[in-house]
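Numbering (the numbering used here), first residue to last: 510 to 831. These notes concern the structure reproduced below.
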């Protein structure tokens with residue numbers, strides 16, 4: 510029997526996440542290897558569930574519009590679900606849809622007993638400067654027990670309050686912390702800086718680092734002299750969505766850098782006509798940091814692995830499976 514949180518930590522500790530580029534470079538935190546180990550453990554548990562009760566975890570995604578980065582995320586989630594044996598469903602809505610359309614899709618999945626986890630692919634598109642989707646209203650419709658992305662207001666609220674535990678922790682923030690812990694990076698008492706304060710990554714990561722007793726600052730669009738703030742960071746999490754924002758001069762020598770940014774740039778030679786780069790200038794960071802995550806292959810695979818783990822936990826609760 511797997512205890513997901515304990516098993517996950519044990520698996521990650523057995524994986525060597527670091528591979529050196531050369532003696533003068535930072536260690537590269539290999540999120541792909543860690544994610545593969547977690548997915549292998551999940552697949553074993555799904556097989557056991559199917560043999561025992563004839564059911565498997567089900568994940569549903571609601572996607573509005575055709576953002577290229579969102580398409581990449583959803584593509585990865587579909588492949589991951591197939592790899593571990595999950596049922597997968599997607600509701601694709603046009604950008605012209607209404608909030609009621611999104612809420613109706615959510616309500617249908619809320620009532621579907623074969624679906625144990627639901628996520629709305631965020632961010633939702635902004636129709637105009639005056640018109641936008643009310644994410645709070647939409648997420649309030651989502652069943653708390655199926656909120657495997659961890660974005661329901663009650664889950665975020667419980668994450669923020671000491672002494673309370675959310676049903677689910679947002680996947681990217683959870684993946685960042687697991688990479689740090691399994692890489693033996695000390696968090697307690699360290700200075701951490703998060704670049705970006707989005708509800709999707711920045712805020713949850715800030716809250717989770719606080720829970721692990723780091724001294725945390727957030728850099729955002731109105732921060733003055735951001736490079737001065739980031740140069741104080743022992744741990745830097747870049748989640749601004751700006752390609753190559755973080756230069757080598759922004760980094761404290763020996764810092765650990767987690768690059769959450771996934772930014773599409775035009776590349777006619779690529780299969781999809783674009784390639785992905787991070788928020789951190791990787792070539793400069795590897796000369797200054799002690800460890801850094803690549804893009805792709807760093808935080809992204811761990812985010813998907815955490816989503817699968819949350820969905821497995823949701824299915825176990827719903828099906829009373831141990």
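All C-beta atoms in this analysis are idealised placements derived from N, C-alpha and C, irrespective of residue type, glycine included.
State the Cα-Cα distance for the pair residue 831 and residue 819, rounded to the nearest angstrom.
-> As a first step, residue 831 is located in the chain shown; it is residue number 322 there, counting from the start. As a first step, residue 819 is located in the chain shown; it is residue number 310 there, counting from the start. Between the C-alpha atoms of residue 831 and residue 819 there is a straight-line separation of about 15 angstroms.
DSSP state of residue 686 mapped onto helix, strand, coil | For this step, residue 686 is matched to residue 177 along the chain shown. In the three-state reduction of the DSSP assignment, residue 686 falls in the helix class, which pools H, G and I.
Just how far apart, CA to CA, sit residue 810 and residue 785?
-> Against the chain shown, residue 810 aligns to sequence position 301. Against the chain shown, residue 785 aligns to sequence position 276. Roughly 14 angstroms between the two C-alpha positions.
Would you mind sorting residue 604 into buried or exposed? The rule is 16 or more other CB atoms within 10 Å of its CB.
-> Counted from its first residue, the chain shown places residue 604 at position 95. Residue 604 counts as exposed, since fewer than 16 other beta carbons sit within 10 angstroms of its beta carbon.
Minimum C-alpha distance to residue 635 - residue among 576, 547, 749, 789 = The count along the chain shown starts at 1 and reaches residue 635 at position 126. Taking only the C-alpha atoms, the option nearest residue 635 is 576.
As assigned by DSSP and simplified to three states, the class of residue 783 | Here residue 783 is taken as the residue at index 274 of the chain shown, counted from 1. Three-state result, residue 783: strand.
Residues bridged to residue 768 by DSSP?
-> Here residue 768 refers to the residue found at position 259 when the chain shown is read from its first residue. For residue 768, which the question treats as bridged, DSSP gives the partners 747.
Whole-number beta carbon distance between residue 794 and residue 766, since they are thought to touch under 8 angstroms = Stepping through the chain shown from its first residue, residue 766 is reached at position 257. Stepping through the chain shown from its first residue, residue 794 is reached at position 285. Contact holds; Cβ gap of about 5 angstroms.
Rounded to whole angstroms, what's the CA-CA distance from residue 813 to residue 587? Just pull it up for me.
-> Residue numbering aside, residue 813 sits at position 304 when the chain shown is read from its first letter. Residue numbering aside, residue 587 sits at position 78 when the chain shown is read from its first letter. Cα-Cα distance, rounded: 10 angstroms.
Whose C-beta lies closer than 8 angstroms to the C-beta of residue 552 among residues of the same chain, with five residues either side of it excluded?
-> Your numbering for residue 552 matches position 43 in the chain shown. Cβ within range, chain order: 592, 593, 594.
Please work out which residues of its chain come closer than 7 angstroms, Cβ to Cβ, to residue 738, disregarding the five sequence neighbours upstream and downstream, and give them in chain order.
-> For the purposes of this step, residue 738 is taken as residue 229 along the chain shown, with counting starting at 1. Short of 7 angstroms from the beta carbon of residue 738, and not among the five residues preceding or following it, lie these beta carbons of its own chain, in chain order: 702, 726, 728, 732.
Report yes or no: do the region 691 to 698 and the region 715 to 724 share at least 3 C-beta pairs separated by less than 8 angstroms?
-> Touching, yes, given that three or more Cβ pairs across the two stretches are closer than 8 angstroms.
By Cβ distance below 6 angstroms, which residues in the same chain neighbour residue 534 in space, the five residues on each side in sequence not counted?
-> By one-based count along the chain shown, residue 534 stands at place 25. So the qualifying residues of the chain are 795.
Which residues mark the beginning and the end of the alpha helix (DSSP H) in which residue 826 is found?
-> One-based indexing of the chain shown puts residue 826 at position 317. Residue 826 -> alpha helix (DSSP H) spans 808 to 828.
Nearest-angstrom Cα separation, counted from residue 677 out to residue 530 | Taking the first residue of the chain shown as 1, we reach residue 530 at position 21. Taking the first residue of the chain shown as 1, we reach residue 677 at position 168. Confidence at residue 530 is low in this model, with a pLDDT of 40, below 50, so its placement is unreliable and no value can be given for it.
Can you name the residues that DSSP bridges to residue 573?
-> Mapped onto the chain shown, residue 573 falls at position 64. Its beta-bridge partners are 602.
Which residues in the same chain as residue 589 place their Cβ atom closer than 7 angstroms to its Cβ, once the five residues preceding and following it in sequence are excluded?
-> To locate residue 589, count along the chain shown from 1; it is residue 80. Annotation for residue 589: 548, 813, 817 place their beta carbon closer than 7 angstroms to its own, counting only its chain and skipping 5 residues before and after.
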